Amino acid sequence: MPHRSDPATQKIGDPKECYQVSKFKDDKPVHALPKPFDDCVDDLGSFIKIPESEGGKNWFSDRHAYDIPSGDILRILHYPPVESHIDDIRAGSHTDYGSITLVFQHDIGGLEIYAGRSRWISAPVIPDCILVNLGDCLEFWTNGLLKSTLHRVVFRSNTQSLDRHSMVYFCEGYDIPLDPVPSRLVPGDEVKMGESGKRMTAAEHLRMRLDASLAYYVNR
195 MPHRSDPATQ KIGDPKECYQ VSKFKDDKPV HALPKPFDDC VDDLGSFIKI
245 PESEGGKNWF SDRHAYDIPS GDILRILHYP PVESHIDDIR AGSHTDYGSI
295 TLVFQHDIGG LEIYAGRSRW ISAPVIPDCI LVNLGDCLEF WTNGLLKSTL
345 HRVVFRSNTQ SLDRHSMVYF CEGYDIPLDP VPSRLVPGDE VKMGESGKRM
395 TAAEHLRMRL DASLAYYVNR
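For the sequence shown, the residue numbers in the numbering used here are 195 to 414.
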């Protein structure tokens, strides 16, 4: 089923294909989680200055432990070459649903980040580097102190005849309330509520976003 990254404007899916690897049911992954993931979630706790009495630097890592339910996905992406296209979009503009995303890019670029005021800036492909996107859950947890990254993938005139490959690790929480982080740096104490009237969880937000992306095809 084609996936629409930007369901508000797209009538057809992105011109891409992917293979997804989810969490192993026997809790024994073939490979350990990439070290940059562990480093990122620990650094977040220190950066946001969460008191030790509230979890300190482990506040985020405790909510992303491997032995608790999650919607984590490793997505292997292939953007096939095209001879012509109606527009220049390979993946429509969107934010990621979870907390952080690790992007492993090949040498063919195309990722762009929204900089505001109708401006998009290119995210360069830097050898031996991993790009980190911030997602919706992190924005909810910090009440907007950290922003979910609006991004897209576009065709380049000099690369549209080439294959583009990338691997993306999506860190998706599950039964984790999207309550504000207990930190003096986080503005306000607004709690995000779900459709049920209860505190929204990461899993509920994930389902809402997926439903919006796939609704066109489900209702056809």
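Heads up, the beta-carbon is just placed ideally off N, CA and C, and yes, glycines get one too.
Computed from a predicted model, the values in this text were never measured in an experiment.
So, at 6 Å on beta carbons, what are the nonlocal neighbours of Arg401 in its own chain, with the 5 sequence-adjacent residues on each side left out? There are no such residues.
List, from N- to C-terminal side, the beta strand (DSSP E) runs of 3 residues or more that fit wholly inside the stretch 252 to 323. Counting only runs of 3 or more, we get 267 to 273, 283 to 288, 294 to 299, 305 to 310 and 313 to 316.
Measuring CB to CB, does His258 end up less than 9 Å from Arg358? At least 9 Å separates the beta-carbon of His258 from that of Arg358.
Ends of the beta strand (DSSP E) at Phe364? In this chain, the beta strand (DSSP E) harbouring Phe364 covers Arg358 to Phe364.
Starting from Leu332 and walking both ways along the alpha helix (DSSP H), at which residues does that stretch end? Unbroken alpha helix (DSSP H) run through Leu332: Asp330 to Trp335.
Taking the alpha carbon of Ile267 as the point to measure from, which residue in Gly367, Glu398, Leu305 and Val276 has its own alpha carbon closest? With distances taken between Cα atoms, Ile267 lies closest to Gly367.
Terminal residues of the continuous beta strand (DSSP E) containing Arg346? Start and end: His345 to Val348.
Using a 10 Å radius around the Cβ and a threshold of 16 neighbouring Cβ atoms, would you call Asp290 buried or exposed? With 16 or more other CB atoms across the displayed protein chains lying within 10 angstroms of its CB, Asp290 is buried.
Asn327 classed as buried or exposed, judged by whether at least 16 other C-beta atoms fall within 10 angstroms: Answer is buried; the Cβ neighbour count reaches 16.
Just curious, the beta strand (DSSP E) that Glu211 is in, first and last residue? Glu211 to Ser216 is the span of the beta strand (DSSP E), which, as asked, contains Glu211.
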